[in-house]
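Protein chains in written order, with this note's numbering: chain Z, 1 to 218; chain C, 1 to 218; chain H, 1 to 218.
Think of the CB as a built atom: it goes at the ideal place given N, C-alpha and C, for glycine as much as any other residue.
Worksheet: the structure to be examined is printed underneath.
Next up, the structure:
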């Protein structure tokens with residue numbers, strides 16, 4: 001019952017977001033000695049991993065079981081990566097835009113599904129962030145890297161900011177479809193600004209702990 | 001109500017498959033500075049990880065909670081690995097056969113459990129592949145390697161082929177026990193042929209993407 | 001309806017345990033080029049990961065969705081790590097004590113929740129061990145290390161021993177609150193003794209398997 005699931009152009013953005021997420025998985029898998037099937041799975045996990053974890057936590061059926069379009073879109077992404085390779089990535093800005101729109105959309109879908117289950121707003125915000133960003137974390141675990149999310153850019157924080165904006169709108173009794181649009185645009189705006197101006201959180205420096213070490217690591 | 005869960009020899013193959021899966025986990029854990037308990041856990045995750053994820057996705061109780069035999073079989077596998085070491089692996093061909101039979105069996109169990117829940121056939125096929133192959137992926141994540149599944153051999157694809165064969169049989173109204181047998185043999189046959197003739201999917205070569213990089217990684 | 005959830009001092013130990021678990025995640029994340037947000041997430045996963053997996057397996061709502069105190073405590077842990085750094089870790093012994101009390105408490109919470117769901121005692125013991133120790137495993141996977149749990153000390157085994165003691169008490173019809181106290185103290189005692197005297201399980205040596213290799217890895 002949300003603009004996100006009703007309007008046709010949302011379906012298009014959903015697929016574009018899925019495509020861009022899958023491509024990011026396939027791209028990071030390349031050069032890791034991974035075969036086509038592995039690349040497909042890593043692309044798929046990137047695209048549907050966040051929503052699947054959300055659905056497991058909400059105790060509802062994983063969304064992709066009801067509709068094969070996510071698996072097919074990932075297949076199209078793999079095909080595109082195989083056929084166009086470097087050419088595909090020359091459209092880096094376009095892909096980044098899809099990825100960012102996907103992030104905004106996935107976040108709102110996550111919030112909206114959690115609201116339907118009747119969760120408190122702070123849990124909904126977390127579910128939005130999990131929907132948007134956990135796929136990338138699983139992708140990095142599978143290709144054996146420390147998740148990019150922990151090291152770079154503003155990503156999950158953009159989801160959280162969008163979630164907060166959503167509930168501010170809610171508080172001011174703004175209609176649900178409009179709230180969703182404003183929240184999604186917030187995610188997209190923050191993400192673009194963060195990448196454009198290289199905004200990053202400070203790195204946590206090494207904690208030197210002779211005492212703790214003595215106790216625990218010997 | 002399937003041949004897989006009824007017939008006695010299926011129980012034997014189930015345990016032999018579990019044993020072989022556990023041994024593959026314990027073997028890969030060895031030489032990674034892992035202690036006996038760690039080896040047991042990695043063996044266990046290899047053996048029951050796929051079925052556990054399937055049951056989480058299907059929203060049913062994890063299968064191993066109803067029957068201690070999987071935990072006990074893994075314990076026997078650890079004992080065998082400690083006592084017989086190299087000797088055990090001289091029976092490499094036998095272990096490989098158990099592993100492959102296990103793969104076929106686990107795939108069918110996954111499909112059959114998903115059918116019981118009323119899922120569409122393409123989801124059942126995926127559940128069969130998850131049941132058969134996710135344990136090995138979790139094993140590789142735990143020992144900090146890029147999953148073998150993504151890099152080598154035909155493994156999950158054999159599960160998927162078996163699943164497709166199952167539904168072709170179904171379409172032709174072949175009796176369920178017979179369909180299951182044919183599908184399991186398909187998985188086993190493809191896996192053996194793939195290993196015998198070193199069949200592999202092509203590797204995804206590095207995608208060089210100056211544009212994308214410029215946008216995302218700086 | 002357990003002493004663990006009723007008595008006030010249990011709530012305090014719950015938060016101290018959460019704090020110590022979060023600190024262990026944040027400490028291991030430091031020096032890995034991880035930013036503040038990443039450190040928060042890794043601390044959070046360390047603190048709530050075990051209980052979340054338990055709740056997924058038990059098919060109940062993840063515990064942290066009902067109470068924001070776990071997320072807030074993790075935030076306090078991050079703040080403490082940023083503000084006090086080395087100073088914080090000079091209290092290594094105190095942190096270790098919190099961590100160990102947390103381990104004992106989390107184990108009993110896991111067992112008690114599983115009993116409420118009506119699981120057999122051996123599954124309850126496993127759920128106790130998962131509650132106490134899986135957070136640390138997920139932490140290590142996220143920072144791209146082979147889990148410490150597999151390599152060092154007696155950790156999950158202390159949880160299992162505590163679980164066995166719990167059911168021995170149960171068998172002798174000792175009152176539930178007293179059983180819980182005895183079981184928690186068992187976990188704490190074994191863990192402290194293991195660290196104090198550097199007790200460790202034997203390491204699984206490399207298994208050299210030319211035959212197996214020939215069959216599977218070429």
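Where residue i falls, given that 16 or more other Cβ within 10 Å makes a residue buried
| i | result |
| --- | --- |
| residue 12(Z) | exposed |
| residue 190(H) | buried |
| residue 62(Z) | buried |
| residue 30(Z) | buried |
| residue 206(Z) | exposed |
| residue 197(C) | exposed |
| residue 199(C) | exposed |
| residue 118(H) | exposed |
| residue 193(C) | exposed |
| residue 171(Z) | exposed |
| residue 14(H) | buried |
| residue 173(C) | exposed |
| residue 1(C) | Low per-residue confidence applies at residue 1(C): pLDDT is 45, beneath 50, and the placement is therefore not dependable enough to give any value. |
| residue 67(H) | exposed |
| residue 28(H) | buried |
| residue 175(Z) | exposed |
| residue 165(C) | buried |
| residue 16(Z) | buried |
| residue 148(H) | buried |
| residue 86(C) | exposed |
| residue 178(Z) | exposed |
Beta-carbon proximity check, residue i vs residue j, cutoff 8 angstroms
| i | j | result |
| --- | --- | --- |
| residue 133(C) | residue 161(C) | no |
| residue 23(Z) | residue 81(Z) | yes |
| residue 153(Z) | residue 146(Z) | no |
| residue 108(C) | residue 158(C) | no |
| residue 144(Z) | residue 33(H) | no |
| residue 98(H) | residue 39(H) | no |
| residue 58(C) | residue 112(C) | no |
| residue 233(H) | residue 84(C) | Outside the shown range of chain H (1 to 218) lies residue 233(H), about which nothing can therefore be said. |
| residue 45(H) | residue 142(H) | yes |
| residue 73(Z) | residue 18(Z) | yes |
| residue 65(H) | residue 123(Z) | yes |
| residue 49(H) | residue 104(H) | no |
| residue 163(H) | residue 101(H) | no |
| residue 151(H) | residue 116(C) | no |
| residue 110(H) | residue 92(H) | no |
| residue 130(H) | residue 78(H) | no |
| residue 51(Z) | residue 106(Z) | yes |
| residue 56(C) | residue 56(Z) | yes |
| residue 167(C) | residue 121(C) | yes |
8 angstroms Cβ cut-off: residues of chain H touching residue i
| i | result |
| --- | --- |
| residue 146(Z) | 32, 33, 34, 142, 143, 144 |
| residue 59(Z) | 59, 61 |
Bridge partner(s) assigned by DSSP for residue i
| i | result |
| --- | --- |
| residue 203(C) | 35(Z) |
Contacts of residue i in chain H (Cβ-Cβ under 7 angstroms)
| i | result |
| --- | --- |
| residue 37(C) | 156, 157, 201 |
| residue 228(C) | Because chain C is modelled from 1 through 218, residue 228(C) falls outside the range shown and cannot be assessed. |
| residue 47(C) | By Cβ distance, chain H contributes nothing, its closest Cβ being about 14 angstroms from residue 47(C), past 7 angstroms. |
Chain-ordered neighbours of residue i on chain H, where CB pairs are closer than 9 angstroms
| i | result |
| --- | --- |
| residue 64(Z) | Within 9 angstroms Cβ-Cβ: nothing; residue 64(Z) doesn't reach chain H, min ~18 angstroms. |
| residue 236(Z) | One cannot answer for residue 236(Z) here, as it falls past the ends of chain Z, which runs 1 to 218. |
Interface residues of chain Z facing residue i [CB-CB closer than 7 angstroms]
| i | result |
| --- | --- |
| residue 220(C) | Beyond the ends of chain C as shown, which are 1 and 218, falls residue 220(C); an answer cannot be given. |
Within chain C, partners of residue i - CB distance below 8 angstroms
| i | result |
| --- | --- |
| residue 119(H) | 65 |
| residue 123(H) | 65 |
Within chain C, the residues that residue i reaches when beta carbons sit closer than 9 angstroms
| i | result |
| --- | --- |
| residue 187(H) | Simply none; closest approach about 15 angstroms. |
Contact list for residue i against chain C, beta-carbon separation under 7 angstroms
| i | result |
| --- | --- |
| residue 68(Z) | 122 |
Every unbroken beta strand (DSSP E) within the segment 62-133 of chain Z, with a cutoff of 3 residues, ordered by chain: none
Ordered list of alpha helix (DSSP H) runs contained in the segment 143-178 of chain H, each at least 4 residues: 156-171
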